[in-house]
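Chemist: Here it is: the structure, laid out below.
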Amino acid sequence: MIGTKQSNELKEEYIVIIGDGEFAEIAYEYFTHDSSYEVVAFAVEKEYMTKESLFDLPVIPLEEIEKLYPNDKYKVFTAITFTKLNRVRTRLYNDVKAKGYKFVSYVSSNAFVWRNAKIGENTFIFENNVIQYNVNIGNNVVMWSGNHVGHRASIGDNCFISSHVVISGYCKVMENCFLGVNSTLVDTITIAKDTLVGAGSVIAKDILEEGNIYVGSPGKSINKTVYEKFKI
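Shown next, in the form of C-alpha cells:
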C-alpha cells in the first residue's frame, strides 16, 4: 500500500496548508499518509472562505494565522496550482514567508530522486517522478505525477510541471513556467521565464523570449502571450 511505511510513524512536525481546494485536499492526503508531517489546519484569505472545516480540521482566515498557529511552532505548505500562471501561489508563498514561516516540501516515497538532486522549499513532487543526477529544482514548484527530469537539468522557482513531461538532460527551465501534459524538452535547451508549453508539444530549440505560448511538434509560438491569456 502506498505510504504505509511512513503513515505509521510518529508525526514529527505540524503544518498548516494554505488553501482549501482540490490541491489542498490532495496535499492533506499525501502529507497524512506519506510523510512525517501532521496537518493541523487550512488557511484561506477571508474574502475567499467558503467553509469552516475540512477533514474535521479548522479552516482559518489566513490573516489570523500568526495568532492561531505561530511560526515558532508550525510550518506551512502553499497548496495552490497554476492559477494566473503560478502568480497566486507565488503571492501567497511570499506573503506567508514575510510573516516568518518556514515551508515544507513533499516528495513522494514512490518518486525516484537521485542522492545529489537539490529540491527547494514549498515544492510538491508526486509519485513516479524520476529526478536524475545533479538536478536542481527551485522553490514553490509543483511536479504532478510521472515526469522525467534528466541529469543536470534545472527547474526555476514557481514552475508547474503537469504529468508525463520529459525534461531532458542539461535543460534549463526558468521561473514561472507551465509545461503541459506529455510535453517534451529536447536536451540542453533553455526555456525563458513565463513560458507556457502546451500539452503534447515538443520543444527542440531554445525559447529566449519571455511570456510566449508554444504548441505543436515542433513547438511554435501562437499569436497570444501568457500575459494576455491569464490577464497578468
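Residue numbers (the numbering used here): 782 to 1013.
Just so it is clear, CB atoms sit at the ideal spot from N, CA and C, and this is done for glycine as well.
Tell me whether Arg-896 is buried or exposed, calling it buried when 16 or more other Cβ atoms sit within 10 Å of its Cβ.
Modeler: exposed
Chemist: Measure the CB-CB distance between Asn-917 and Ser-935 and report whether it falls below 8 Å.
Modeler: Against a cut-off of 8 Å, the Cβ pair of Ser-935 and Asn-917 comes out as a contact.
Chemist: Assess contact between the region 879-886 and the region 862-870, defined as three or more Cβ pairs (one per stretch) separated by less than 8 Å. Is contact present?
Modeler: Contact between the region 879-886 and the region 862-870 is absent, because fewer than three Cβ pairs lie under 8 Å.
Chemist: When the Cα atoms are used, what is the spatial distance from Gly-784 to Ser-886?
Modeler: Model confidence at Gly-784 stands at a pLDDT of 43, short of 50, so the residue's coordinates are unreliable; what they give is reported in the following sentence. Taking the straight line from one Cα to the other gives about 16 Å.
Chemist: Evaluate the contact criterion for the region 840-847 versus the region 983-1000: three or more CB pairs, one atom per stretch, below 8 Å.
Modeler: no
Chemist: Give the secondary structure of Thr-1006 by DSSP, where H, G and I count as helix, E and B as strand, and everything else as coil.
Modeler: In the three-state reduction of the DSSP assignment, Thr-1006 falls in the strand class, which pools E and B.
Chemist: Can you check the region 831-859 for any beta strand (DSSP E) of at least 3 residues that lies completely inside it and give the ranges in chain order?
Modeler: Complete beta strand (DSSP E) runs here, min 3: 838-842 and 856-859.
Chemist: Just confirm the distance between the C-beta atoms of Val-967 and Ala-985, as a whole number of angstroms; I'd bet it's less than 8 Å.
Modeler: 4 Å
Chemist: Ile-799 and Lys-856 - do their beta-carbons sit closer together than 8 Å?
Modeler: no
Chemist: How long is the line joining the alpha carbons of Ile-995 and Thr-965, rounded to whole angstroms?
Modeler: In the sequence as presented, Ile is not what sits at residue 995; that position holds Tyr. About 12 Å.
Chemist: Can you tell me whether DSSP reads Gly-1000 as helix, strand or coil?
Modeler: coil
Chemist: Got a sec, what are the start and stop residues for the alpha helix (DSSP H) Val-946 sits in?
Modeler: Counting along the chain, Val-946 falls outside any alpha helix (DSSP H), and DSSP gives it neither H nor E.
Chemist: I'd like to check one pair, Glu-902 with Asn-920: are the Cβ atoms closer than 8 Å?
Modeler: Taking the C-beta atoms as reference points, Glu-902 is found nearer than 8 Å to Asn-920.
Chemist: Put Phe-804 into one of helix, strand or coil per three-state DSSP.
Modeler: helix
Chemist: Relative to the alpha-carbon of Phe-836, which residue among Phe-858, Lys-827, Asp-853 and Tyr-809 has its alpha-carbon at the smallest distance?
Modeler: Checked all of Phe-858, Lys-827, Asp-853 and Tyr-809; the closest Cα to Phe-836 is Tyr-809.
Chemist: For the putative contact between Thr-780 and Val-922, defined by C-beta atoms under 8 Å, what is the C-beta separation to the nearest angstrom?
Modeler: Examination of residue 780 is not possible in this model, given that the chain is present from 782 through 1013 alone.
Chemist: Between the alpha carbons of Met-782 and Asn-867, how many angstroms are there, rounded?
Modeler: Unreliable placement is indicated for Met-782, whose pLDDT of 30 sits below 50; no coordinate value is reported for it.
Chemist: Are the Cβ atoms of Asn-928 and Val-954 separated by less than 8 Å?
Modeler: At the C-beta level, Asn-928 and Val-954 stay beyond 8 Å of one another.
Chemist: Would you check if the distance between the CB atom of Ser-890 and the CB atom of Asp-815 is smaller than 8 Å?
Modeler: yes
Chemist: Quick one: residues in its chain with C-beta nearer than 6 Å to the C-beta of Ser-788, no 5 flanking neighbours on either side, listed in chain order?
Modeler: Since pLDDT at Ser-788 reaches only 43, below the 50 mark, its modelled position is unreliable, and no value is offered.
Chemist: Which residue's Cα is closest to the Cα of Thr-971: Lys-827, Glu-956, Gly-979 and Tyr-811?
Modeler: Glu-956
Chemist: How big is the Cα-Cα spacing for Leu-849 and Glu-833?
Modeler: Straight-line Cα distance between these residues: approximately 15 Å.
Chemist: Report all residues from its chain with a CB closer than 7 Å to the CB of Ser-943; omit the five preceding and five following residues, and keep chain order.
Modeler: Trp-925, Leu-960, Gly-961 and Val-962
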